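Protein chains in written order, with the numbering used here: chain P, 48 to 250; chain C, 162 to 291. Heads up, the thing below is written out as structure tokens.
Now the structure itself:
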């Protein structure tokens, strides 16, 4: 106690330092909330998760690689429509243009890996390497979510990393696991993270 | 014990002086680079400026939800920022519903940058002395 008292006092009282830190934290949190407000449609992701589970079931019934691929392509189109509709609905509810600020950044970050994924799908299918497609899809989708999520709340890049990990597992796991990993990834991860985002970040 | 009381008194005096300086004795933007901008130092106004900094524009209701305040409070504080030239407000109709939108001006963005610099400088100074 005596030692503390004879030490020279700092130029600024600790309260000021704490207050400055608190202000910076408040600014960051407000910016995070404000960025997330228009960009992430949580309930839309949950809906996509359920359609992905249905697609997994239907794809598993297919006897040819072409049938499996067509099922998932149909699911991709349905997911895009749901994502577009839910983002538009959220943007309208908040009176913000759909492609303004963070929404536009997310769209631009997500697009390059999606385009790369589409091209690689054509190549892998042509060379009969369809068993590599689920891993590649999960990995590239995860990459897009991580980069797009950098402009959003912290949980979005975490979701992307989970997709990437699942993609890495799918690439090295036996092909028989593919349907399960697709269900766990595009179905499970979307439902779990979509619910968290919807509850914590306004729909 | 006496020494402890004297040290506490000295610290309290310093905190009070600093807080007075932080609160500012003027009503508007800072007069020098070393002064805290009182306009955005207030928590709610800081929230408004921060939210607008990451969006091209936000509606009245969006801002109200983001900074978690009442209609009256938001109106008063947004008006102060508007008067200072930090935000612009545009009113329109969407169908029959009135719509109020706020955007950050270049002056508002500069004010936020100055404020962030100031806060970082305070933290930096504290780290050097500790």
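From the three backbone atoms N, C-alpha and C, an ideal C-beta is built for every residue, glycine too. Treat the numbers as computed from the prediction; the structure is a model and nothing was measured.
{"Query": "The beta strand (DSSP E) enclosing residue 248/C, as first and last residue numbers", "Result": "248-255"}
{"Query": "Selection of the stretch 205-217 of chain C by Cβ proximity to chain P, strictly under 7 Å", "Result": "207, 208, 211, 212, 214, 215, 216 and 217"}
{"Query": "Endpoints, the alpha helix (DSSP H) within which residue 247/P is located", "Result": "237-247"}
{"Query": "Of the listed residues 66/P, 110/P and 107/P, nearest to residue 203/C (C-alpha basis)", "Result": "66/P"}
{"Query": "The stretch 213-228 of chain P touching the stretch 191-205 of chain P, judged by at least three CB pairs closer than 8 Å", "Result": "no"}
{"Query": "Closer than 8 Å to chain C by CB, residue 246/P", "Result": "no"}
{"Query": "Whole-angstrom distance between residue 151/P and residue 233/P, CA atom to CA atom", "Result": "23 Å"}
{"Query": "Cβ-based burial, residue 287/C [other Cβ within 10 Å; buried from 16]", "Result": "buried"}
{"Query": "Residue of 167/P, 195/P and 229/P minimising C-alpha distance to residue 118/P", "Result": "229/P"}
{"Query": "Neighbour list for residue 283/C in chain P, Cβ cutoff strictly below 8 Å", "Result": "59, 63, 64 and 67"}
{"Query": "Same chain, Cβ closer than 6 Å to residue 182/P, five either side skipped, listed in chain order", "Result": "214, 217 and 218"}
{"Query": "Cβ distance (whole Å) where residue 213/C is taken to contact residue 276/C below 8 Å", "Result": "Not a contact, Cβ separation roughly 14 Å."}
{"Query": "Straight-line Cα distance separating residue 201/P from residue 240/P", "Result": "12 Å"}
{"Query": "Residue range of the alpha helix (DSSP H) that includes residue 194/P", "Result": "180-196"}
{"Query": "Same chain, Cβ closer than 8 Å to residue 212/P, neighbours up to 5 away in sequence not counted", "Result": "189"}
{"Query": "Spatial distance of residue 64/P from residue 197/C (CA atoms)", "Result": "14 Å"}
{"Query": "Buried/exposed call for residue 92/P, threshold 16 Cβ in 10 Å", "Result": "buried"}
{"Query": "Residue-chain proximity (residue 80/P, chain C), Cβ-Cβ < 8 Å", "Result": "yes"}
{"Query": "Whether residue 77/P touches residue 233/C by CB criterion (8 Å)", "Result": "no"}
{"Query": "Contacting residues, own chain, Cβ-Cβ under 6 Å from residue 178/P (five flanking each side not counted)", "Result": "222"}
{"Query": "Where residue 264/C falls: helix, strand or coil (DSSP)", "Result": "strand"}
{"Query": "Backbone CA spacing between residue 245/C and residue 195/P [nearest angstrom]", "Result": "35 Å"}
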